[in-house]
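S.K.: Just so we're on the same page, our numbering is the position in the sequence shown counted from 1, plus 39. Dropping a structure here in structure tokens format, bear with me for questions.
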Amino acid sequence: PMLVTVGGFGVHHAIPLTQACVLGASMMNLAQNLRKRHPQADRPLIDYSTGLILEVTTLLGTIIGVDINKVSPVWAITIALILTLFFTTYRTFLKGFELRKKELEADHGGGGGENFGQGMP
Numbered sequence: 040p041m042l043v044t045v046g047g048f049g050v051h052h053a054i055p056l057t058q059a060c061v062l063g064a065s066m067m068n069l070a071q072n073l074r075k076r077h078p079q080a081d082r083p084l085i086d087y088s089t090g091l092i093l094e095v096t097t098l099l100g101t102i103i104g105v106d107i108n109k110v111s112p113v114w115a116i117t118i119a120l121i122l123t124l125f126f127t128t129y130r131t132f133l134k135g136f137e138l139r140k141k142e143l144e145a146d147h148g149g150g151g152g153e154n155f156g157q158g159m160p
């Protein structure tokens, strides 16, 4: 949605461009973590066998998504993107509030939950 609203790209062009951005960020993360070791075990930080398992489903989802993108009207893709954005935002806020509540309870010895949400910006 950011490339559509801020960048002025069409929906059919913004989705592949987003995939390219994710690929670039992933390659940089891989380059940074490639030589790091696991802190508690004698093995690399990256679990390559799990990555191989996840990559198959990721590629399959990408192929299906590209095909759906080609045949879907712009309004349907826009609605799907907006719903995805709202859902992920909602889940992120819930997780953030849950973590904040746990931190307040840990800081106040279990008594911080009753004032949860007060004094927040």
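For glycine and all other residues, C-beta sits at the position ideal for the given N, C-alpha and C. From a predicted model like this one, the values you see are computed outputs, not experimental measurements.
1. Going by beta carbon distance, what residues of the same chain come within less than 8 Å of residue 167, once the five residues before and after it are set aside?
2. Less than 8 Å between the C-beta atoms of residue 102 and residue 108, yes or no?
3. So is residue 80 buried or exposed if we call it buried at 16+ other beta carbons inside 10 Å?
4. The alpha helix (DSSP H) with residue 145 in it runs from where to where?
5. Take residue 124 and list the residues in its own chain whose beta-carbon comes closer than 8 Å to its own, dropping the five residues that flank it on each side.
6. Can you determine whether any heavy atom of the ligand FAD sits closer than 7 Å to the C-beta of residue 74, and answer yes or no?
7. Going by Cα to Cα distance, which pick from 114, 73 and 98 is closest to residue 43?
8. Suppose the cutoff is 6 Å on Cβ atoms and the five residues either side in sequence are ignored; what does the same chain contact list for residue 53 look like?
9. Could you check the C-alpha separation between residue 126 and residue 135 for me, to the nearest Å?
10. List the whole-angstrom C-beta distance separating residue 72 from residue 92, where the pair is believed to meet the contact cut-off of C-beta under 8 Å.
M.R.: Quick look at the numbers:
1. Here the chain comprises residues numbered 40 to 160, so residue 167 is not present and cannot be evaluated.
2. no
3. exposed
4. 113–146
5. 40
6. Among the components modelled here there is no ligand, and therefore nothing to report on the ligand FAD.
7. Taking only the C-alpha atoms, the option nearest residue 43 is 114.
8. 42 and 43
9. 14 Å
10. Not a contact, Cβ separation roughly 18 Å.
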